[in-house]
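S.K.: Numbering (UniProt numbering), first residue to last: 1 to 177. In this text, a Cβ means the ideal position worked out from N, Cα and C, and glycines have one as well. Remember, it's a predicted structure, so these values are computed and weren't measured experimentally. Have a look at this one before I ask anything.
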């Protein structure tokens with residue numbers, strides 16, 4: 001018998017995974033020597049700290065869009081928070097806002113068209129499910145860069161694949177449905 005798996009549940013599960021992976025990433029960053037996270041090691045946003053700031057900027061841009069507010073940063077590389085612990089708090093707080101937003105949706109809304117203005121001022125549209133998928137994929141992309149940077153700096157590489165998240169719950173994929 002086939003089970004139904006509502007999109008809201010899918011996105012909430014993915015959100016929980018992203019929160020778990022982000023916390024493991026922070027644990028690995030904590031094992032680096034002080035200020036190594038701010039070293040320019042050739043990432044697109046130069047450093048681990050710069051990449052985390054970029055993630056915060058983008059989270060704020062997209063969240064403001066879906067909630068009907070306006071947030072226009074000076075650049076995608078803008079440093080919103082110089083202090084690492086405050087940056088983490090802001091990232092985790094923004095992730096909680098996304099969770100609340102996901103919970104506010106029902107499965108009839110995910111396929112609705114979302115219209116917004118790009119940072120270059122162009123009109124654009126995506127389905128709400130694609131907005132959220134993009135946001136989550138963006139986090140994964142940059143966590144991968146940060147993980148590579150951590151190992152380049154001699155730190156431990158966190159095991160943050162999705163399957164490890166499921167295993168950390170002590171469940172198989174089927175059991176967790």
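To the nearest angstrom, how far is the alpha carbon of residue 18 from that of residue 102?
M.R.: 14 Å
S.K.: Tell me which residues share the same chain as residue 135 and place their Cβ nearer than 6 Å to its Cβ, disregarding the 5 neighbours each side in the sequence.
M.R.: 62
S.K.: Short check: CB of residue 115 to CB of residue 21, under 8 Å?
M.R.: no
S.K.: Can you list, in chain order, the stretches of the alpha helix (DSSP H) that have 4 or more residues and sit fully within the stretch 50-110?
M.R.: 84-104
S.K.: Would you grab the beta carbon distance between residue 87 and residue 81 for me? Rounded to a whole angstrom, and I think it's under 8 Å.
M.R.: 4 Å
S.K.: Quick one: what's got a C-beta closer than 6 Å to residue 131's C-beta in the same chain, skipping five residues either side?
M.R.: Once the five neighbours on either side are set aside, the close Cβ partners of residue 131 are 114.
S.K.: Does the beta-carbon of residue 198 have 16 or more other beta-carbons within 10 angstroms, so that it is buried, or is it exposed?
M.R.: No information on residue 198 is available, as it lies outside the stretch 1 to 177 that the chain covers here.
S.K.: For the alpha helix (DSSP H) that contains residue 13, what are its first and last residues?
M.R.: 7-30
S.K.: Pull the bridge partners of residue 46 from the DSSP assignment, please.
M.R.: BP columns for residue 46 point to 43.
S.K.: Would you please verify whether the beta carbon of residue 150 is less than 8 Å from any beta carbon of chain D?
M.R.: The structure shown contains no chain D; it is built from a single protein chain.
S.K.: Relative to the alpha-carbon of residue 138, which residue among 163, 56 and 170 has its alpha-carbon at the smallest distance?
M.R.: Comparing Cα positions, the closest option is 56.
S.K.: Who are the Cβ neighbours of residue 176 in its own chain at under 7 Å, not counting the five residues just before and after it?
M.R.: In this predicted model, residue 176 has a pLDDT of only 48, less than 50, meaning its place in the structure is not dependable; the value taken from the coordinates is given anyway. The beta carbon of residue 176 sits closer than 7 Å to those of 166 and 169, all from its chain and outside the five residues before and after it, given in chain order.
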